[in-house]
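Position 226 of the sequence shown, counted from 1, bears residue number 226 in the UniProt record's numbering, the numbering being contiguous throughout. Even for Gly, the Cβ is constructed at its ideal location relative to N, Cα and C.
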Amino acid sequence: MKKIKWGILGPGRIAEKLAVAIQQSENAELYAVGSRSLDKAANFAKRFGASQSYSSYEELCSDDKLDVIYIATPHSYHCEHSMLAMKHGRNVLCEKPFALDAGEAQKMIQCAKDNNVFLMEAMWSRLLPGMKKVQELLAANAIGPIKMMSADFCFTSSPEDKPRLFEPALGGGALLDVGIYPLTLACSFFGFPKSIEAEADLTDKGVDATSTYFLNFANGAKAELYSSVVKESPGQAIIEGEEGTLTIHAKAWTLQKITLKNGVEKTFDTSYEGSDYLLQVEEVNQCLRQGLKESSVNSFEWTMNMMQLMDDLRDIMGVNYKTGTKA
């Protein structure tokens, strides 16, 4: 069977993880790399076995041999670069967060429909076996009615170390970069919340260095989620029910080890072979072979709901990417 030919637009650190996943897939090959620097594109292509390298994004998107392009540029360019690829007739996997806000996300989805191409957000956690296991346990009422979920994703950085994370114009801050992961866990388990609150420590430039999100769900569950780009945290998730607990061990967003306590204790090994990103590469490959224009897992509806939720949280926190000022 012919392999799906992948291109990478923006050969940075995150693109390296996707390139490894493509190498691990029996159904895909990395065919082309595009960068504003030909040397950077060529070096990346050589490292990961791509036959073509381009010195502009336009050239990459114009290559008719490509089946799909992965958008790996900073958050603030996701909309522009995804639409560039789609207007050239290319299918697109766009790195998370899908866009800066719900308005951009809607434009991207409409562009995909107008050009009859596939589009998906690269929220790989939703495709992991551990995600399905937790959903199965909750559906089986393994810990009784849900009371509370807590989860966090934090790491230490600085403006000198990772300047992108501290620039409003680039969609900096904890929410879009890592807060999206505990939000994804909670909303994958309980649906999207009926009400929210949030608080944040903002930098001098007005992005959230640290942020906490409080969600209330229709089933009565609550969630307290925490993210930061300036401090460390355990990186686990705990779901408390009236009859027990589920612990998703660190790194919770990879869902590789889950412990159920409900009178007895049982641990599930939900680890997987290969890159964290391999299953999302296979999801795209399968969708393209089936002629689908969106994934049933990372659907347009899911992405739009998540983008709107993050917009609402950001409004409460007083983060404005366009002005960069504290509300």
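Buried or exposed (CB count within 10 angstroms, at least 16 for buried), residue i
| i | result |
| --- | --- |
| residue 139 | exposed |
| residue 207 | buried |
| residue 298 | buried |
| residue 209 | buried |
| residue 11 | buried |
| residue 39 | exposed |
| residue 25 | buried |
| residue 325 | For residue 325, the predicted model reports a pLDDT of 47, less than 50, meaning its position is unreliable and no value from the coordinates is stated. |
| residue 135 | exposed |
| residue 104 | buried |
| residue 322 | exposed |
| residue 267 | exposed |
Anticipated Cβ contact below 8 Å, residue i with residue j, distance rounded
| i | j | result |
| --- | --- | --- |
| residue 21 | residue 274 | 7 Å |
| residue 133 | residue 258 | 6 Å |
| residue 276 | residue 17 | 7 Å |
| residue 256 | residue 130 | 6 Å |
Under 9 Å between C-beta atoms of residue i and residue j
| i | j | result |
| --- | --- | --- |
| residue 57 | residue 75 | no |
| residue 229 | residue 93 | no |
| residue 243 | residue 318 | no |
| residue 183 | residue 310 | yes |
| residue 225 | residue 179 | yes |
| residue 4 | residue 289 | yes |
| residue 185 | residue 151 | yes |
| residue 196 | residue 215 | yes |
| residue 307 | residue 28 | no |
| residue 72 | residue 181 | no |
| residue 121 | residue 159 | no |
| residue 300 | residue 227 | no |
| residue 99 | residue 78 | yes |
Cβ-based neighbour list, residue i, same chain, cut-off 7 Å, excluding 5 preceding and 5 following
| i | result |
| --- | --- |
| residue 127 | 279, 280, 283, 297 |
| residue 313 | 175, 196, 198, 213 |
| residue 394 | Since the first residue shown for the chain is 1 and the last is 327, residue 394 is missing from the structure and cannot be characterised. |
| residue 61 | 69, 84, 85, 88, 90 |
| residue 203 | 166, 209 |
Distance cut-off 8 Å: residue i Cβ against heavy atoms of the ligand HEM
| i | result |
| --- | --- |
| residue 235 | In terms of ligand content, the structure shown is empty, and the ligand HEM therefore cannot be addressed. |
Residues near residue i in its chain [Cβ-Cβ closer than 6 Å; skip 5 each side]
| i | result |
| --- | --- |
| residue 148 | 222, 240 |
| residue 69 | 7, 9, 85, 90, 92 |
| residue 247 | 238, 259 |
CA-to-CA distance, residue j to residue i, given in whole angstroms
| i | j | result |
| --- | --- | --- |
| residue 108 | residue 67 | 18 Å |
| residue 168 | residue 201 | 14 Å |
| residue 171 | residue 51 | 33 Å |
| residue 35 | residue 272 | 32 Å |
| residue 304 | residue 106 | 7 Å |
| residue 295 | residue 117 | 12 Å |
| residue 110 | residue 293 | 12 Å |
| residue 234 | residue 250 | 7 Å |
| residue 236 | residue 269 | 15 Å |
| residue 19 | residue 54 | 16 Å |
| residue 146 | residue 245 | 9 Å |
| residue 232 | residue 123 | 22 Å |
| residue 189 | residue 265 | 21 Å |
| residue 327 | residue 187 | With a pLDDT of only 37 at residue 327, under the threshold of 50, the placement of this residue in the model should not be trusted; the figure read from the coordinates follows. The straight-line gap from Cα to Cα measures roughly 27 Å. |
| residue 161 | residue 194 | 37 Å |
Cutoff 8 Å; reference residue i; Cβ partners in own chain excluding five residues on either side
| i | result |
| --- | --- |
| residue 157 | 165, 229, 230 |
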